[in-house]
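K.L.:
Protein sequence lines, in the order shown, are assigned to chains D and C. Going by our numbering, the first sequence opens with residue 1269, and the numbers climb by one from there. Going by our numbering, the second sequence opens with residue 0, and the numbers climb by one from there. Cβ coordinates follow ideal geometry from the N, Cα and C atoms, glycine included. The structure is given below, and queries will be raised subsequently.
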Amino acid sequence: MNFKWISVLLLAAVLMCGGCAGDEPQHEKAGSETAAEQAAAASGKPAVLTIMTHDSFSVSKPVLAAFESAIGARVTILKSGDAGEALNKAILSRNNPLADIFYGVDNTFLSRALKTDVFVPYAPKGLENVGPALRLDPENRLIPVDYGDVCLNYDIAWFKDNNLAPPAMLEDLVKPAYKGLTVVQNPATSSPGLAFLLATVSRFGEDGYLGYWRDLKTNEVLVKNGWKEAYWGEFTAASEGSRPIVVSYASSPAAEVLFADPTPAEAPTGVVIGHGAAFRQVEFAGILAGGKQTVLAKKAMDFLLSRTFQEDIPLQMFVFPVNIMAALPEVFEVHARITKEPSTLDPERISRRRDTWIREWTDTVLQ
Amino acid sequence: MDGHGTAIGRLKPLAVHPYAAAGLVPAVFFLLFYFYPLSGIIIKSFFGEGHMDLSFLDQVFSSRRMGKIIWFTFWQAGVSALLTLLAALPCAFVFSHYRFRGKKVLRTLASVPFVLPAVVVAAAFQACFGKAPVMGITIEHPLVLIFMAHVFYNFSVMFRIITGFWTTLQGRMTEAAAMLGAGPFNRFFHISLPLLKPAIWASFALVFIFCFSSFGIILILGGPGYATIEAEIYRQAAHLFNLPVAAFLSLLQILFTLVLMWGYTNFTKRATRFVPEGENQHLKTPKTLWEKAVVCGAGLFIVLLCVVPLAALAGKSLVHEGQFSLVFYRELFRNASDSVFFIPPFHAVRWSLTFAAGALVIAVVTGVCAALFIRHCETRFQSRWATLFDPLFMLPLSTSAVTLGFGIIITLDKPPLNLRTSLWLIPIAHALVGFPFVVRSVLPALRSIPDQMGDAAAMLGASPFRVFRHIDLPLMAKGLVAGAVFAFTISLGEFGATIFTARPSTPTIPVAIYRFLGQPGAMNYGQAMAISTLLMGVTVLGYVLIENIRKENTEGF
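Structural data, given as structure tokens:
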């Protein structure tokens, strides 16, 4: 009767939970056990290095195994929400850090992250192979690890079918021929959305960017809150939507080729990167102050800049490696474009003005 | 307290009634996992610099935007709850009065939408309504989408709670009224409706508060023109790093909920009580044309509302380049990029089910204890305590997940309660949201049990445990199952996922869906649809299991 069934349910749940508690370390071991076990055998207890990062982080199994043997410890990765959320969690937990390393502060959050003093300086090996334009923290508290260019993507087939030339620069979007064709993301809630807003600030200046957005609004630009809604909901190349132009990444066409079956010879989407239309997002990693594994953390930072890790980045996260010695995979060589002259803005200026820009943008575009 | 002592021996010296003691369970649960982290983050936000800085209040009160957000939050929640009621009440009538084929299937399918992530629901709507205007309204309008999604999600909440209640109350009284010449209209408005009030208000309150703190739907379907307080809290906390404003808005949201719930509690106290009857005795087979039409109408409505979008979604997962194909399902099992974070489908299913079972047990145990405690307070202390506790127990439903998550980081960080990255946090956090559903589903049934019944049993020598087992539990079984279904569903749908600091080794199905949707590529999209379909399947399976436990339960009652 009642009690019997409730107890059965309870028992089952307790068993299941017991089971999950027992399984806990399973995934952490997934990469490679050898390195961890060697370390464990040497010191008596397994050393664990923890990396806190955002939800988009990824690494391949062999590279994680190489990581663990390079530093002689197990590596645990804590995914902690989107980029802003994860950084905020790292800052909040600074008195009792959750991890030894944080991966994934981008240049729009850089100044704010540095002001909180949660990162300690360390210049890893291989830093000399990183272009000076990407090294935005002179004190080396945050080290560049990857970068991606946020830019307009367009549906090649749509423009062909409609006998219209694809856009070549930001200015094209406000022309009458491109009325109602573009979908962008809200800079207040989306990181590519913010990057695109910054591209327009960089291109048209603080005096001109609102005028551009006013024209874009007149030209019926559509705004969505996030990349997923814009790309999967409105972009003609990826959904039943009606917008053949979307804000995404310069590497998105490569993903469109890689994640297609059968593999197409040409990417279905093109990118607009000329004339300052692309904004470079640089991602940084740093050692968290107060972390337990200070020695291991330095070794890990070295590994993050090594060719092994850097060459894994493109196909895992669809961004570019910062190490100039790192070779790009073929699909990137063919289908992803590197912007020669991307838009950038001084992180300090972004930090100071970003709230104002977002507010002004909101008042102009959303009202 | 064994069941064999004499009544007199037990009535007097009993210092603490077990139902009163039961209150400790939810109290401890709440203090540890809710109030402690929440107060931690609020104190840190307000006094972070050592002194209280209230300058941020200017930002909140001087901004027209904030006023608009607060107004919109209330307005859309009210309209959404009302629309849901309009949809659910007629269906509940049919399901509580008639016996027909396919009833169970429909009831099960109606609850599936609840588990789907908002971004998938957007895809489902797009798949079945397309972009063309329907009857002059473009489905694209954000408000239409928000209301549709809210009804789509919450229909089953009202439908289940009201049907469960209605089944037990219809019968003699309406029959007597019919005999005395009352028409169906009169019978409904003068007998059924007043008697149904507790269930209607309970489910209305739930749905209202649920929509009040709506986040994903507003953000994804509503787009940038619309924001609820909850969405604004997330923006302030996660993107603008403005913790004081986020904490203040969280407090505001909690305060609103308390006031709403306090009003609700006072209102339901005055609701009509009735003597429950055995269930299933009065179910009729539809005979007249009119009855058949009503039953068909309700069935068709549920199919259109819930089943069609779900089927459209499943359809999307089965079509590749215009042809039927299982390629997306096959691909689910292949780790194409050899990523460490590849999620094997069965792994995801197992974790989802494990957490859902854990959350269900925690929510049901704490929820039933809370309901018994509230009921006990109402009968013994003239409701003074109950009016305090009842609203309190609803709070997790409308507390910003990101605020609570930040609170957990700074408070539950030391042994023995170092839960920040613990697996236990997941079922606990899910149960926190599922718990109010259990309380709301169980309480109306518990309240409808006349005090005399328990007293009589006690007089005859039954221990409080026996009273629980043989009177209270069977009578609240139906509500309990509804509550359990909600707790299970909430966990499967990963409500408030932002609560978690980190989850390295626990790939649940929604996590897998988000992983696929995170990168461009047709295969990724197809696989997201495939695993969403899998999630629907798992949900249905879970419902069947839960409902069958009840069947065993109530047979012979």
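Check this for me: beta carbons of V438 of chain C and F494 of chain C, under 8 Å apart or not?
P.N.:
As a first step, residue 438 of chain C is located in the second sequence; it is residue number 439 there, counting from the start. As a first step, residue 494 of chain C is located in the second sequence; it is residue number 495 there, counting from the start. No, they are not a contact pair.
K.L.:
Verify whether the separation of the beta carbon atoms of K1357 of chain D and T1321 of chain D is less than 8 Å.
P.N.:
Here residue 1357 of chain D corresponds to residue number 89 of the first sequence, with the count starting at 1. Here residue 1321 of chain D corresponds to residue number 53 of the first sequence, with the count starting at 1. Against a cut-off of 8 Å, the Cβ pair of T1321 of chain D and K1357 of chain D comes out as no contact.
K.L.:
State the CB to CB distance for the pair M1585 of chain D and F1335 of chain D, rounded to an integer number of angstroms; the pair is presumed to be in contact (CB under 8 Å).
P.N.:
Locating residue 1585 of chain D in the first sequence gives position 317, counting from the first residue. Locating residue 1335 of chain D in the first sequence gives position 67, counting from the first residue. With 8 Å as the limit, M1585 of chain D and F1335 of chain D do not qualify as a contact, their Cβ atoms being about 15 Å apart.
K.L.:
Can you tell me where the alpha helix (DSSP H) with M65 of chain C in it begins and where it stops?
P.N.:
Here residue 65 of chain C corresponds to residue number 66 of the second sequence, with the count starting at 1. Its alpha helix (DSSP H) spans residues R63 to H96.
K.L.:
How would you write the range of the alpha helix (DSSP H) that R468 of chain C sits in, first residue to last?
P.N.:
Against the second sequence, residue 468 of chain C aligns to sequence position 469. Neither: R468 of chain C is in no alpha helix (DSSP H) and is coded neither H nor E.
K.L.:
Would I512 of chain C pass as a contact of V93 of chain C if the rule is Cβ separation under 8 Å?
P.N.:
Here residue 512 of chain C refers to the residue found at position 513 of the second sequence. Here residue 93 of chain C refers to the residue found at position 94 of the second sequence. The answer is no: Cβ separation not under 8 Å.
K.L.:
Do F247 of chain C and V59 of chain C have their beta-carbon atoms positioned less than 8 Å apart in this structure?
P.N.:
Looking up residue 59 of chain C in the second sequence gives position 60. Looking up residue 247 of chain C in the second sequence gives position 248. Cβ distance < 8 Å, so V59 of chain C and F247 of chain C count as in contact.
K.L.:
Would DSSP call V120 of chain C helix, strand or coil?
P.N.:
Stepping through the second sequence from its first residue, residue 120 of chain C is reached at position 121. The three-state secondary structure of V120 of chain C, taken from DSSP, is helix.
K.L.:
Count the other CB atoms within 10 Å of the CB of V27 of chain C; is the residue buried (16 or more) or exposed (fewer)?
P.N.:
As a working note, residue 27 of chain C is residue 28 in the second sequence. Exposed, since its Cβ has fewer than 16 Cβ neighbours within 10 Å.
K.L.:
Which residues mark the beginning and the end of the beta strand (DSSP E) in which A1553 of chain D is found?
P.N.:
In the first sequence, counting from the first residue as 1, residue 1553 of chain D sits at position 285. A1553 of chain D: member of the beta strand (DSSP E) spanning F1547 to L1556, first to last residue.
K.L.:
Quick check: what's the CA-CA separation for A181 of chain C versus L192 of chain C?
P.N.:
Position 182 of the second sequence holds residue 181 of chain C. Position 193 of the second sequence holds residue 192 of chain C. A181 of chain C and L192 of chain C: Cα-Cα distance of roughly 14 Å.
K.L.:
With DSSP as the reference, please indicate the residues paired to K1492 of chain D in a beta bridge.
P.N.:
Residue 1492 of chain D sits at position 224 when you count from the first residue of the first sequence. Per DSSP, D:Q1453.
K.L.:
Taking the CB atoms as reference points, tell me whether G221 of chain C and I145 of chain C lie closer together than 8 Å.
P.N.:
For the purposes of this step, residue 221 of chain C is taken as the residue at position 222 of the second sequence. For the purposes of this step, residue 145 of chain C is taken as the residue at position 146 of the second sequence. Pairing G221 of chain C with I145 of chain C gives a Cβ-Cβ distance under 8 Å.
K.L.:
Could you check the C-alpha separation between L1382 of chain D and P1532 of chain D for me, to the nearest Å?
P.N.:
Against the first sequence, residue 1382 of chain D aligns to sequence position 114. Against the first sequence, residue 1532 of chain D aligns to sequence position 264. Approximately 44 Å, taken between the alpha carbons.
K.L.:
In its own chain, which residues sit with a C-beta less than 6 Å from the C-beta of I448 of chain C, not counting the 5 before and 5 after it?
P.N.:
For this step, residue 448 of chain C is matched to residue 449 along the second sequence. Taking I448 of chain C as the centre and dropping the five residues before and after it, the same chain places the C-beta of L474 closer than 6 Å to its C-beta, in chain order.
K.L.:
Give a yes or no on whether 8 Å exceeds the smallest Cβ distance from R374 of chain C to chain D.
P.N.:
Indexing the second sequence from 1 puts residue 374 of chain C at position 375. No - not a single Cβ of chain D is within 8 Å of the one on R374 of chain C.
K.L.:
Which one or two residues does DSSP pair with N1591 of chain D in a beta bridge?
P.N.:
For the purposes of this step, residue 1591 of chain D is identified with residue 323 of the first sequence, where counting begins at 1. Answer is D:V1398, bridged to N1591 of chain D.
K.L.:
For K286 of chain C, which three-state DSSP category applies?
P.N.:
Position 287 of the second sequence, counting from 1, holds the residue named residue 286 of chain C. K286 of chain C: coil per DSSP, three-state reduction.
K.L.:
So what's P449 of chain C in DSSP terms, helix, strand or just coil?
P.N.:
Translated into positions along the second sequence, residue 449 of chain C becomes position 450. Coil at P449 of chain C, not helix or strand.
K.L.:
Between the Cα of D605 of chain C and those of C:I470, C:G536, C:F55 and C:S440, spot the shortest distance and give me the residue it belongs to.
P.N.:
A query on residue 605 of chain C cannot be resolved here, the shown segment of chain C reaching from 0 to 556 and no further.
K.L.:
In this structure, does DSSP put Q1294 of chain D in helix, strand or coil?
P.N.:
Residue mapping note: residue 1294 of chain D aligns to position 26 of the first sequence, counting from 1. Bear in mind that a pLDDT of 37 at Q1294 of chain D, under 50, signals an unreliable position, so the model cannot answer this.
K.L.:
Any C-beta of chain C sitting closer than 8 Å to the C-beta of L1366 of chain D?
P.N.:
Stepping through the first sequence from its first residue, residue 1366 of chain D is reached at position 98. With 8 Å as the cut-off, L1366 of chain D counts as an interface residue toward chain C.
K.L.:
DSSP on I7 of chain C, reduced to helix/strand/coil?
P.N.:
Counting from one through the second sequence, the residue named residue 7 of chain C turns up at place 8. Note that I7 of chain C has pLDDT 42, beneath the 50 cutoff, so the model's placement of it is unreliable and the number below is only indicative. In the structure shown, I7 of chain C sits in a helix (DSSP, three-state: H, G or I).
K.L.:
Whose Cβ in chain D lies nearer than 7 Å to the Cβ of M65 of chain C?
P.N.:
Counted from its first residue, the second sequence places residue 65 of chain C at position 66. By Cβ distance, chain D contributes nothing, its closest Cβ being about 13 Å from M65 of chain C, past 7 Å.
K.L.:
Using a C-beta to C-beta distance shorter than 8 Å, which residues of chain C count as neighbours of L1332 of chain D?
P.N.:
The residue labelled residue 1332 of chain D in the question sits at position 64 within the first sequence. For L1332 of chain D, the chain C residues whose C-beta falls within less than 8 Å of its own C-beta are V339, listed in chain order.
K.L.:
Less than 8 Å between CB atoms is the rule here; does T1457 of chain D satisfy it with respect to chain C?
P.N.:
In the first sequence, residue 1457 of chain D corresponds to position 189, counting from 1. So, interface residue.
K.L.:
Which residues in the same chain have their Cβ closer than 8 Å to the Cβ of K1566 of chain D, if we skip the five residues on either side of it in sequence?
P.N.:
Working through the first sequence from its first residue, we reach residue 1566 of chain D at position 298. Around K1566 of chain D: Y1390, P1392 and I1555.
K.L.:
Can you give me the start and stop residues for the alpha helix (DSSP H) that D1475 of chain D sits inside?
P.N.:
The residue labelled residue 1475 of chain D in the question sits at position 207 within the first sequence. From DSSP, the alpha helix (DSSP H) with D1475 of chain D extends over S1459 to T1486.
K.L.:
Looking at chain D, is there any beta carbon in it that lies within less than 8 Å of the beta carbon of H238 of chain C?
P.N.:
The residue you call residue 238 of chain C lines up with position 239 of the second sequence. Yes, because at least one Cβ of chain D sits closer than 8 Å to the Cβ of H238 of chain C.
K.L.:
Return yes when the Cβ of L1360 of chain D is within less than 8 Å of the Cβ of I570 of chain C, no when it is not.
P.N.:
This structure does not reach residue 570 of chain C, given that chain C is present from 0 up to 556, and the question cannot be answered.
K.L.:
Just checking, does the stretch 20-37 of chain C make contact with the stretch 366-379 of chain C on the three C-beta pairs under 8 Å criterion?
P.N.:
yes
K.L.:
Applying a beta-carbon distance threshold of less than 7 Å, which residues of chain D neighbour S336 of chain C?
P.N.:
Translated into positions along the second sequence, residue 336 of chain C becomes position 337. Result: S1328, L1583 and Q1584.
K.L.:
Below 7 Å between beta carbons is the criterion; list the residues of the stretch 515-529 of chain C that meet it against any residue of chain D, in chain order.
P.N.:
L516, G517, Q518, P519, G520, A521, M522, N523 and Y524
K.L.:
Tell me the rounded alpha-carbon separation between T353 of chain C and I1345 of chain D.
P.N.:
If you number the second sequence from 1, residue 353 of chain C lands on position 354. If you number the first sequence from 1, residue 1345 of chain D lands on position 77. So the two alpha carbons sit approximately 22 Å from each other.
K.L.:
When the Cα atoms are used, what is the spatial distance from T398 of chain C to T264 of chain C?
P.N.:
Taking the first residue of the second sequence as 1, we reach residue 398 of chain C at position 399. Taking the first residue of the second sequence as 1, we reach residue 264 of chain C at position 265. Roughly 19 Å between the two C-alpha positions.
K.L.:
For the stretch 1487-1514 of chain D, which residues have a CB atom closer than 8 Å to at least one CB atom of chain C, in sequence order?
P.N.:
Listed by position, the residues of the stretch 1487-1514 of chain D near chain C (Cβ gap below 8 Å) are V1491, K1492, N1493, G1494, K1496, E1497, Y1499, W1500, G1501, A1506, S1507, E1508, G1509 and S1510.
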